[in-house]
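Below: the structure, in structure tokens.
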Amino acid sequence: MKTLYTLFAIASLTLLAPTGHAANLRTDDPTEAARKTAAREKVVTAAKAAKAAKTAKKSTAYRFRKFKATLNHGMLVLLGLEDSKAVTSPAKLNRQLHIHQKHLKTKAKLEAKARRRRTSHLFG
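If you count by mature numbering (1 follows the signal peptide of the UniProt record, and there is no 0), then the sequence shown holds residues -22 to -1, 1 to 102, one letter each, in order.
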């Protein structure tokens, strides 16, 4: 069965390939030709999947969902129920500052421990 598939692959490549390329394939052994065919099929499949993903993003349903989400967010901002994405609220800034300070404090503590470990033999 494998040899039949290999022969079929070689025959299809020689019929579909340009003349110079087909001559190169005839000199290859059947397993190498089958490997090359499988590699080409894999590339074609990946290209089709990428194209399908791009097409899905361009679809009307996708654009409508995105537009609807933008309108909903805009309405919530107008009503005061949500903060605008362009402006960072004071509460969020305070949280960010607190997290940053906490991170710096932890980092300084770990560095001090490491420094004590490195230099403890000098004083002990």
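The C-beta atom is built at its ideal place from N, Cα and C for all residues, glycine as well.
Keep in mind that this is a model prediction, so the values were computed, not measured.
Legend entry - Inter-residue Cα distance where the pair is A12 and T(-17): Along the sequence shown, one-based indexing puts residue 12 at 34. Along the sequence shown, one-based indexing puts residue -17 at 6. Each residue's alpha carbon lies about 6 Å from the other.
Legend entry - Inter-residue CB distance, Y40 and A31 (contact presumed, cutoff 8 Å): Within the sequence shown, the letter at position 62 stands for residue 40. Within the sequence shown, the letter at position 53 stands for residue 31. Between A31 and Y40 the Cβ distance is about 11 Å, and since that is not below 8 Å, they are no contact.
Legend entry - Where L3 sits in the DSSP three-state scheme: Your numbering for residue 3 matches position 25 in the sequence shown. Because L3 sits at a pLDDT of 48, beneath the cut-off of 50, its placement in the model cannot be relied upon, and the following sentence gives the value as read from the coordinates. In the structure shown, L3 sits in a helix (DSSP, three-state: H, G or I).
Legend entry - Ordered list of alpha helix (DSSP H) runs contained in the stretch 16 to 46, each at least 4 residues: none
Inset, instruction - Return helix, strand or coil for S67, following the three-state DSSP convention. - result: Along the sequence shown, read from residue 1 onward, the residue named residue 67 stands at position 89. Coil.
Legend entry - Separation of T84 from S37, as counted between CA atoms: Locating residue 37 in the sequence shown gives position 59, counting from the first residue. Locating residue 84 in the sequence shown gives position 106, counting from the first residue. In a straight line, the C-alpha of S37 is about 48 Å away from that of T84.
Inset, instruction - Determine the direct distance from the alpha carbon of K29 to that of P8, and round the result to whole angstroms. - result: Counting from 1 along the sequence shown, the entry for residue 8 is found at position 30. Counting from 1 along the sequence shown, the entry for residue 29 is found at position 51. Cα-Cα distance, rounded: 32 Å.
Inset, instruction - Take E60 and list the residues in its own chain whose beta-carbon comes closer than 6 Å to its own, dropping the five residues that flank it on each side. - result: Here residue 60 is taken as the residue at index 82 of the sequence shown, counted from 1. Closer than 6 Å at the Cβ level, and outside the excluded window around E60, lie L54.
Inset, instruction - Look up G52 in the DSSP assignment and say whether it is helix, strand or coil. - result: The residue given as residue 52 occupies position 74 in the sequence shown. The answer is helix: DSSP assigns G52 an H, G or I state.
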